Amino acid sequence: MSELMELYQEVILDHGRRPRNFGPLEGATHHARGYNPLCGDNFTMHIALDGDTISDVRFEGEGCAISTASASLLTERLKGAHVDVVEPLFTAVHELVTGGEPSEDVELDKLEIFVGVGNFPMRVKCATLPWHTLRAALKGDEEATTE
Amino acid sequence: MSTAEVPMAFNAEAVRAQFPILSREVHGKPLVYLDNAASTQKPQVVIDALDDYYSRLNANVHRGVHRLSQEATDAYEAGRKSVARLLGVDDDRQVLFTRGTTEALNLVAFSWGLANLGKGDEIVLSGMEHHSNIVPWQLVAQRTGAVIRVIPIGDDGALVPGAAAEIIGPRTKLLAVTHVSNALGTINPVRELADLAHAQGAVVVVDGAQAAPHASIDVAALGADFYALSGHKVYAPTGIGALYGRAELLEAMPPWQGGGEMIRSVSFEKSTYAPIPAKFEAGTPHIAGAVGLGTAIDWLLDLGVDAVAAHEDALLRYATEQLTALPGLRMIGTAPHKAGVASFVVDGAHPHDIGTFLDMAGVAIRTGHHCAQPVMTRFGIPATARASFAAYNTRADVDALIKALARVIEVFSR
Ligand SMILES: Cc1ncc(COP(=O)(O)O)c(C=O)c1O
Chain Y
1 MSELMELYQE VILDHGRRPR NFGPLEGATH HARGYNPLCG DNFTMHIALD GDTISDVRFE
61 GEGCAISTAS ASLLTERLKG AHVDVVEPLF TAVHELVTGG EPSEDVELDK LEIFVGVGNF
121 PMRVKCATLP WHTLRAALKG DEEATTE
Chain X
1 MSTAEVPMAF NAEAVRAQFP ILSREVHGKP LVYLDNAAST QKPQVVIDAL DDYYSRLNAN
61 VHRGVHRLSQ EATDAYEAGR KSVARLLGVD DDRQVLFTRG TTEALNLVAF SWGLANLGKG
121 DEIVLSGMEH HSNIVPWQLV AQRTGAVIRV IPIGDDGALV PGAAAEIIGP RTKLLAVTHV
181 SNALGTINPV RELADLAHAQ GAVVVVDGAQ AAPHASIDVA ALGADFYALS GHKVYAPTGI
241 GALYGRAELL EAMPPWQGGG EMIRSVSFEK STYAPIPAKF EAGTPHIAGA VGLGTAIDWL
301 LDLGVDAVAA HEDALLRYAT EQLTALPGLR MIGTAPHKAG VASFVVDGAH PHDIGTFLDM
361 AGVAIRTGHH CAQPVMTRFG IPATARASFA AYNTRADVDA LIKALARVIE VFSR
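Residue numbers (the working numbering), protein chains in the order written: chain Y, 1 to 147; chain X, 1 to 414.
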């Protein structure tokens with residue numbers, strides 16, 4: 001597979017075109033906006049936290065295929081998850097997209113498809129912006145940037 | 001920008017051969033460089049001029065009685081004369097070296113602006129300014145109480161006809177407008193705007209960053225009181241640029257930066273300043289850069305700015321035709337008078353993704369907001385993809401762009 005097609009795998013193109021969990025979230029307890037001033041990617045994450053469980057997570061905004069797919073797959077993955085999985089999962093995704101070796105203790109599953117980003121240093125921030133935004137929301141911040 | 005026919009004499013292949021970087025490969029593909037509005041490549045003569053400067057001439061300028069200092073000073077001042085020639089300026093004391101357009105515009109804002117603007121005075125900008133012709137004025141407006149007003153852009157990316165005449169009025173103290181838009185390619189009717197501003201006694205500042213490589217410029221005919229340009233966009237090194245300012249204005253303006261070179265005498269009680277241009281060139285300048293800029297301008301003038309402009313115009317027309325024919329592609333900026341820039345968006349493909357696809361095909365373009373966020377907001381888009389042309393580009397470059405874009409469209413419209 002060419003580096004390009006490894007980056008733009010069918011699943012990424014699909015989620016980029018038809019993002020899941022896209023739109024506002026009624027009853028959300030946490031929100032944050034993430035913005036990458038370099039390319040204009042701009043997402044808002046909405047989270048409904050029920051105790052320590054992410055009972056729902058949705059997002060709005062616009063960005064490139066990589067960032068949109070990252071946000072979409074993140075919401076699929078975290079819906080119903082315990083908040084404690086967020087940090088290890090983020091660390092593993094970050095390792096993966098920067099060309100490192102993610103810890104074996106974390107099940108990346110579908111998120112594995114972001115491995116192709118490792119060959120495109122200029123695109124790392126696209127993949128990580130939704131994660132930074134989610135983490136900012138959970139921390140109670142309203143803004144996240146990739147700077 | 002001339003609409004003349006491409007003279008037979010213009011040989012883009014021969015021009016191309018003078019740029020060593022253009023024979024390199026990117027991702028195993030021949031480089032197709034279409035990011036010229038961001039920065040142009042350098043011809044061998046300019047690279048040689050830098051080498052020669054450091055190999056034979058290097059010394060500080062205007063300071064030594066020794067031979068090298070004299071020769072370095074002569075080379076530096078020759079650079080100033082070349083800039084003056086490019087801008088149609090006779091008296092080269094009116095040409096100041098700066099780091100580039102950004103610094104030139106900041107110089108006008110912080111020297112002329114702080115000294116001349118007051119509460120309620122109006123600074124008129126166009127809706128298509130680069131951030132470097134917006135932010136300095138905001139900073140100065142905050143300090144002086146001046147107010148910024150904006151001439152809007154129409155759907156084609158040209159200024160709305162008649163809008164300038166309504167906005168420029170008795171309170172207008174300054175008009176700052178770009179000659180050519182880097183995001184849209186629009187060529188503004190600078191003379192017309194300048195006449196409106198001058199009728200109100202306002203001063204006219206022109207951002208020439210995108211025009212200098214594509215047009216023969218005559219600052220007096222344009223009605224520019226100040227004209228800013230960047231060396232790196234006219235085949236010269238980064239870190240050097242120039243500001244033309246009318247002598248009367250420059251002489252009346254307070255210095256901007258203080259230091260060596262810009263003084264006549266200094267005591268702890270009081271300093272007096274050197275005459276222009278030295279008054280505005282504090283500290284050791286980018287001497288090699290000025291030499292490189294002079295060399296690049298001489299090279300461009302030898303090639304013939306009108307011939308280059310006609311070549312680029314023909315390429316832009318060809319590219320526009322080809323781009324418009326692609327499914328789902330929409331041009332952003334379709335003004336009747338354009339230079340050098342084709343900005344576009346593609347349905348279903350974000351500019352950032354387009355940029356990555358093109359890069360893997362060896363095609364370098366710019367994607368993003370092009371430091372002109374108000375333009376993006378005006379068109380309701382986050383970003384565009386932008387191909388921009390220089391003297392060394394050919395139809396083959398356009399064909400490579402179109403081929404790579406066709407592949408993007410194929411992948412993203414599935
Ligand atoms: C229209 C315009 N103005 C100003 C600038 C700023 O030039 P520089 O970054 O060389 O100072 C640019 C460069 O992108 C430009 O295109």
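Cβ coordinates follow ideal geometry from the N, Cα and C atoms, glycine included. All values reported here derive from a predicted model rather than from experimental measurement.
Contacts with chain Y at 8 Å (Cβ-Cβ) include residue 357 of chain X. Taking 8 Å as the threshold, the shortest C-beta distance from residue 382 of chain X to chain Y falls below it. In the three-state reduction of the DSSP assignment, residue 370 of chain X falls in the coil class. Rounded to whole angstroms, residue 290 of chain X and residue 233 of chain X show a C-alpha spacing of 14 Å. A straight-line Cα-Cα distance of about 28 Å links residue 334 of chain X and residue 414 of chain X. Of the candidates X:128, X:143, X:25, X:66, X:143 places its Cα closest to the Cα of residue 115 of chain X.
Taken through DSSP and simplified to helix, strand or coil, residue 88 of chain Y comes out as helix.
Assignment of residue 69 of chain X by DSSP, reduced to helix, strand and coil, places it in the helix class. For residue 38 of chain Y, the closest Cβ of chain X is nearer than 8 Å. Taking every protein chain shown into account, the CB of residue 210 of chain X has 16 or more other CB atoms within 10 angstroms, so this residue is buried. Rounded to the nearest angstrom, the gap between the Cα atoms of residue 207 of chain X and residue 127 of chain X is 13 Å. The Cβ atoms of residue 329 of chain X and residue 404 of chain X do not sit closer than 8 Å to each other. At the C-beta level, residue 57 of chain Y and residue 75 of chain Y come within 8 Å of one another. Using a CB distance cut-off of 8 Å, residue 59 of chain Y does not count as an interface residue toward chain X. Close CB contacts of residue 171 of chain X within its chain, under the 7 Å cut and outside five residues either way in sequence, are with 120, 121, 122 (chain order). The region 95–102 of chain Y makes no contact with the region 16–26 of chain Y; the number of CB pairs closer than 8 Å stays below 3. Comparing C-alpha distances from residue 200 of chain X to each of X:218, X:164, X:272, X:215 shows the shortest one belongs to X:164. Only exposed fits residue 50 of chain Y, as fewer than 16 other CB atoms lie within 10 angstroms of its CB. Between residue 86 of chain X and residue 280 of chain X, the beta carbon gap of about 19 Å keeps them out of contact (Cβ cut-off 8 Å).
In this structure the region 283–297 of chain X touches the region 67–85 of chain X; the number of beta carbon pairs closer than 8 Å is three or more. Nearest CB-CB separation between residue 120 of chain Y and chain X: below the 8 Å threshold.
Taking one beta carbon from each stretch, the region 367–378 of chain X and the region 178–188 of chain X have 3 or more pairs nearer than 8 Å; the two touch.
In this structure, DSSP gives residue 33 of chain X an extended state, which the three-state scheme calls strand. The beta carbons of residue 389 of chain X and residue 316 of chain X sit closer together than 8 Å.
Here residue 70 of chain Y is buried: its Cβ has 16 or more other Cβ atoms, across all protein chains shown, within 10 Å. The distance from the Cβ of residue 138 of chain X to that of residue 148 of chain X is about 7 Å, consistent with a contact at the 8 Å cut-off. Among the residues of chain Y, those whose CB is under 9 Å from the CB of residue 368 of chain X are 38, 39, 40, following chain order. With a cut-off of 7 Å, the C-beta of residue 373 of chain X is classified as distant from ligand 1, since no heavy atom of the ligand falls inside that distance. By the beta-carbon neighbour count (other beta carbons within 10 angstroms, threshold 16), residue 11 of chain X is exposed. Unbroken alpha helix (DSSP H) runs of no fewer than 4 residues, entirely contained in the region 14–82 of chain Y, are found at 65–78, following chain order. Taking a cut-off of 8 Å for Cβ pairs, the region 344–356 of chain X and the region 391–409 of chain X touch, as three or more such pairs fall below it.
Taking a C-beta cut-off of 8 Å against chain X, the contacting residues of the region 4–15 of chain Y are 4, 7, 8, 13, listed in chain order.
Residue 222 of chain X places its beta carbon less than 8 Å from that of residue 194 of chain X. For residue 241 of chain X, there is no enclosing alpha helix (DSSP H); the enclosing beta strand (DSSP E) has its first and last residue at 241–245. Beta-carbon to beta-carbon, residue 400 of chain X and residue 32 of chain X are separated by about 5 Å, close enough to satisfy the 8 Å threshold. According to DSSP, residue pairing for residue 329 of chain X in a beta bridge involves X:346.
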